[in-house]
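S.K.:
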Amino acid sequence: MRYDRDDPGFERVATFDIETTHYKASEGETVSIGIGVHERGAPGEDAAYERYHREEYDEAQLIERGLKRLDELGVDGVVSFNGNDFDLGFLRDRLNLLNRATAIPEIDALETHIDLFADRKAVCNRTGQKWPKLEECLLSYGLDEPETRWNGSPVTNVRFGEELGPAYLQALSNANHDRIEQLRAVIDHYLVTDLEANLAVFYADIGYPFEPAHLGTSRSF
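Take the sequence shown: its letter number 221 is residue 658 in our numbering, and every next letter is one higher.
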């Protein structure tokens with residue numbers, strides 16, 4: 438689904454995505470947080486991607502680090518896909534459940550946080566259309582969907598929550614470092630491709646050229 442968006446004029450833009458074991462904070466937990474940063478006009482391959490995972494941080498530390506990092510990057514704005522209702526809401530709910538103070542990034546403000554999904558959802562609610570997935574937004578602009586394959590099948594949000602995320606947490610519990618590294622490589626690829634997809638859809642929405650480096654690629658693990 439396309440969306441005709443006014444250019445907010447961000448010269449340095451961040452994006453973020455989280456991976457969890459369930460869409461409800463009361464039934465799942467945070468596994469990883471990804472953050473991307475791109476300078477307007479630079480090739481997509483020049484975007485910087487940071488990934489934060491459970492292991493070097495416990496869950497509360499992971500969330501606090503990710504939220505704090507968004508404000509440390511010195512960006513003009515941040516774009517997400519369902520970041521308001523899901524990503525940030527999930528992280529705040531998890532902090533509450535973990536009895537930690539809720540952190541709210543300064544960049545999460547109406548004029549500096551563009552939720553690519555929220556605008557489309559509002560249109561769909563008016564027109565009766567189905568809410569679009571990120572992949573459908575890519576395809577609407579002729580952008581190829583990336584693919585992360587694990588054990589012979591594509592990784593999806595559902596499969597991450599039911600299989601990949603729990604497998605990674607189990608490897609952490611077992612201190613199986615080889616398994617941790619193997620699964621982290623899968624998660625990293627899945628995160629980075631989603632982050633670049635966010636950037637690509639944002640630039641397409643505002644009609645600004647962006648040459649992706651990962652869209653249309655497929656990796657098997």
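Idealized CB from N, CA, C, for every residue including glycine.
Tell me, please, whether the region 557-576 touches the region 526-534 by the rule of three or more beta-carbon pairs shorter than 8 Å.
M.R.: no
S.K.: Scan the region 562-592 and note each continuous alpha helix (DSSP H) run of 4 residues or more that stays entirely inside, going in chain order.
M.R.: 571-577
S.K.: Where does THR539 fall in DSSP's three states?
M.R.: On the sequence shown, position 102 is the one that residue 539 refers to. Coil at THR539, not helix or strand.
S.K.: Taking one C-beta from the region 582-595 and one from the region 443-452 each time, how about it: are there three or more such pairs within less than 8 Å?
M.R.: no
S.K.: From the DSSP output, which residues share a beta bridge with ASP552?
M.R.: Numbered from its first residue, the sequence shown carries residue 552 at position 115. Note: ASP552 sits in a beta bridge opposite SER517.
S.K.: By how many angstroms is the C-alpha of ARG442 removed from the C-alpha of ILE455?
M.R.: Sequence index remark: in the sequence shown, residue 455 carries index 18 (1-based). Sequence index remark: in the sequence shown, residue 442 carries index 5 (1-based). Cα to Cα, ILE455 sits roughly 24 Å from ARG442.
S.K.: Can you give the Cα-Cα distance for TYR605 and ASP524, rounded to whole angstroms?
M.R.: Within the sequence shown, numbered from 1, the residue matching residue 605 stands at position 168. Within the sequence shown, numbered from 1, the residue matching residue 524 stands at position 87. One C-alpha to the other measures close to 20 Å.
S.K.: Between which residues of its own chain and PHE518 is the CB-CB distance below 6 Å, once the five residues before and five after are set aside?
M.R.: For this step, residue 518 is matched to residue 81 along the sequence shown. Within the same chain, PHE518 has close Cβ partners LEU553, PHE554, LEU571, ASN635.
S.K.: Using only CA atoms, which one of GLY514, GLY473, ARG557 lies nearest to GLY503?
M.R.: Within the sequence shown, residue 503 is the residue found at index 66, counting from 1. Closest by alpha carbon: GLY473.
S.K.: Between PRO646 and ALA479, what straight-line distance do the alpha-carbon atoms span, to the nearest angstrom?
M.R.: As a first step, residue 646 is located in the sequence shown; it is residue number 209 there, counting from the start. As a first step, residue 479 is located in the sequence shown; it is residue number 42 there, counting from the start. Near 10 Å, if we compare the C-alpha coordinates of ALA479 and PRO646.
S.K.: With distance defined between alpha-carbon atoms, name the residue in GLU501, HIS475, THR630 nearest to ALA538.
M.R.: In the sequence shown, the residue the question calls residue 538 occupies position 101. Out of GLU501, HIS475, THR630, GLU501 has the C-alpha closest to the C-alpha of ALA538.
S.K.: Taking the continuous alpha helix (DSSP H) assigned at SER610, which residues delimit it?
M.R.: Sequence index remark: in the sequence shown, residue 610 carries index 173 (1-based). Residues 602-610.
S.K.: Looking at PHE658 and ALA622, is the spacing between their C-beta atoms short of 9 Å?
M.R.: Here residue 622 refers to the residue found at position 185 of the sequence shown. Here residue 658 refers to the residue found at position 221 of the sequence shown. Yes, they are a contact pair.
S.K.: Cα-Cα, which of GLY471, GLU466, SER590, SER463 is closest to THR452?
M.R.: Here residue 452 refers to the residue found at position 15 of the sequence shown. Ranking the options by Cα distance to THR452, first place goes to GLY471.
S.K.: Spell out the partners DSSP gives ILE470 in its beta bridges.
M.R.: Stepping through the sequence shown from its first residue, residue 470 is reached at position 33. ILE470 pairs with ILE455, TYR489.
S.K.: Under a three-way DSSP split, which group does TYR440 fall into?
M.R.: Translated into the one-based positions of the sequence shown, residue 440 becomes position 3. Looking at TYR440 - three-state DSSP - the assignment turns out to be coil, as it is neither helix nor strand.
S.K.: Excluding the five sequence neighbours on either side, which residues of its own chain have a C-beta within less than 7 Å of the C-beta of ARG439, listed in chain order?
M.R.: The residue labelled residue 439 in the question sits at position 2 within the sequence shown. Cβ neighbours of ARG439 beyond the five flanking positions: SER577, TYR578.
S.K.: Spatial neighbours of THR467 within its chain, please: CB distance less than 8 Å, with the 5 preceding and 5 following residues excluded, ordered by chain position.
M.R.: As a working mapping, residue 467 is identified with position 30 in the sequence shown. Only ILE455, GLU456, THR457, ARG491, GLU496, LEU499, ILE500, PHE527, LEU528, ARG531 meet the Cβ criterion.
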